[in-house]
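The next block holds one structure in the form of structure tokens; read it before the comments.
If you want it as structure tokens, here you go:
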């Protein structure tokens with residue numbers, strides 16, 4: 001195959017492997033994740049081409065926030081206009097520079113989000129005709145510093161135009177020290193965010209300065225129900241949420257009682273999903289190598305089929321001779337040998353008078369043939 005054709009093949013294969021869909025807005029969304037304001041260019045291909053969204057974003061928080069105790073931040077978005085996919089992406093931020101602006105960067109933990117995860121960027125699909133929505137994050141401060149929170153939105157519009165908007169002003173949150181003997185969740189308690197369908201969920205809840213616990217949960221219909229709480233040790237409690245029959249979310253909270261004022265935790269989101277497949281890394285690597293070798297074999301097969309060999313004459317042994325010379329296998333060609341001269345028979349009486357043996361060797365036949373006065377009687 002000519003070099004030019006090979007370059008074309010390599011170029012096409014590279015495009016197939018590396019190319020991605022180029023566009024401005026991402027109509028299918030990018031999924032919930034921990035993201036800076038501009039997503040590093042992942043949400044909208046180029047932040048410089050964003051148009052200004054007309055959405056109105058408002059953040060609100062609990063009146064009193066204690067260090068190390070979960071609290072709720074709520075974002076209300078109104079005047080929403082989206083593309084045909086009706087997907088919007090909402091951010092909870094602590095800065096508007098587009099870099100190191102997540103709550104974690106400011107020393108806050110995200111314990112739960114509205115979609116059943118624990119990230120600052122979530123996506124929502126609006127119903128037809130819906131132009132407002134409200135979502136919440138459960139966060140926990142690790143220090144007494146004050147923090148200003150911001151909200152931002154990414155969404156599409158007509159002709160795949162990307163839109164970006166942010167809250168008009170930030171929400172300043174002041175964190176207070178925890179009062180003595182205040183019933184509360186343990187400082188390192190992490191609520192689960194996912195569970196498997198068809199399996200009841202047992203929750204282990206760790207608390208501090210707590211004597212009794214009430215457990216409440218509600219499904220998407222909003223009906224609040226209670227579950228029995230059992231103690232498994234000092235400040236350690238267990239309860240069970242019934243199994244989910246399909247992928248859905250439930251919300252739960254606990255009411256803590258002790259010597260201090262009664263405390264009610266935020267609503268935590270628990271999402272149910274189908275059990276995931278367990279993948280063995282060895283099998284994945286083996287499959288990858290098999291695919292690699294198969295691809296290489298296909299390329300070699302096409303290369304062989306597309307290669308045109310020059311016509312070879314059946315009388316042309318040049319290639320054979322050249323190969324022999326290259327291998328050093330050429331042997332000396334046998335040289336023809338001269339046939340030894342047959343001596344004429346010497347007469348019974350011996351050599352004729354005056355003849356020598358040398359003369360007889362050369363001219364004996366002529367003598368016998370009658371020349372030189374010889375000949376047989």
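Numbering (this note's numbering), first residue to last: 1 to 377. Note that the Cβ used here is the ideal one computed from N, Cα and C, for glycine as well.
In the three-state DSSP reduction, residue 345 falls in the coil class, being neither helix nor strand. Only exposed fits residue 303, as fewer than 16 other CB atoms lie within 10 angstroms of its CB.
Between residue 68 and residue 182 a beta carbon distance of about 10 Å is seen, past the 8 Å cut, so the two are scored as non-contacting. Less than 8 Å separates the beta-carbon of residue 268 from that of residue 138. Residue 162 sits close to residue 156, with the two beta carbons spaced by under 8 Å. At a Cβ-Cβ threshold of 8 Å, residue 242 and residue 192 do not count as neighbours. When the Cα atoms are used, residue 284 and residue 168 turn out to be separated by approximately 49 Å. For residue 251, the enclosing beta strand (DSSP E) covers residues 249-257.
Pairwise C-beta distances place the segment 70-85 in contact with the segment 47-61, as three or more of them are shorter than 8 Å. Taking residue 119 as the centre and dropping the five residues before and after it, the same chain places the C-beta of 32, 33, 34, 110 and 113 closer than 7 Å to its C-beta, in chain order. Membership of residue 171 in the beta strand (DSSP E) is indicated by the continuous run 171-173. Exclusion of the five residues before and after residue 52 leaves 163, 164 and 165 as the residues of its chain whose Cβ lies within less than 8 Å of its Cβ.
Counting along the chain, the unbroken alpha helix (DSSP H) around residue 368 starts and ends at 357-368. The three-state secondary structure of residue 265, taken from DSSP, is coil. Residue burial is scored here from C-beta neighbours: residue 247 has fewer than 16 other C-beta atoms within 10 angstroms and is therefore classed as exposed. Judged by their CB atoms, residue 90 and residue 151 are nearer to each other than the 8 Å cut-off. DSSP places residue 162 within a strand segment (E or B) once states are collapsed to three. Of the other Cβ atoms in all chains shown, fewer than 16 fall within 10 Å of the Cβ of residue 362; this residue is therefore exposed.
One thing to note: residue 116 has its Cβ within 8 Å of the Cβ of residue 194. DSSP, read as helix, strand or coil, puts residue 49 in helix.
Excluding residues up to 5 positions away in sequence, 176 and 178 lie with their Cβ nearer than 6 Å to the Cβ of residue 66 in the same chain. Counting C-beta pairs closer than 8 Å gives three or more between the segment 230-237 and the segment 200-210, which meets the contact rule.
Here residue 228 is exposed, its C-beta having fewer than 16 other C-beta atoms within 10 Å.
Shown here for residue 99: same chain residues with a beta carbon closer than 7 Å to its own, the five before and five after excluded, namely 36 in chain order. Exclusion of the five residues before and after residue 101 leaves 36, 37, 93, 94 and 95 as the residues of its chain whose Cβ lies within less than 7 Å of its Cβ.
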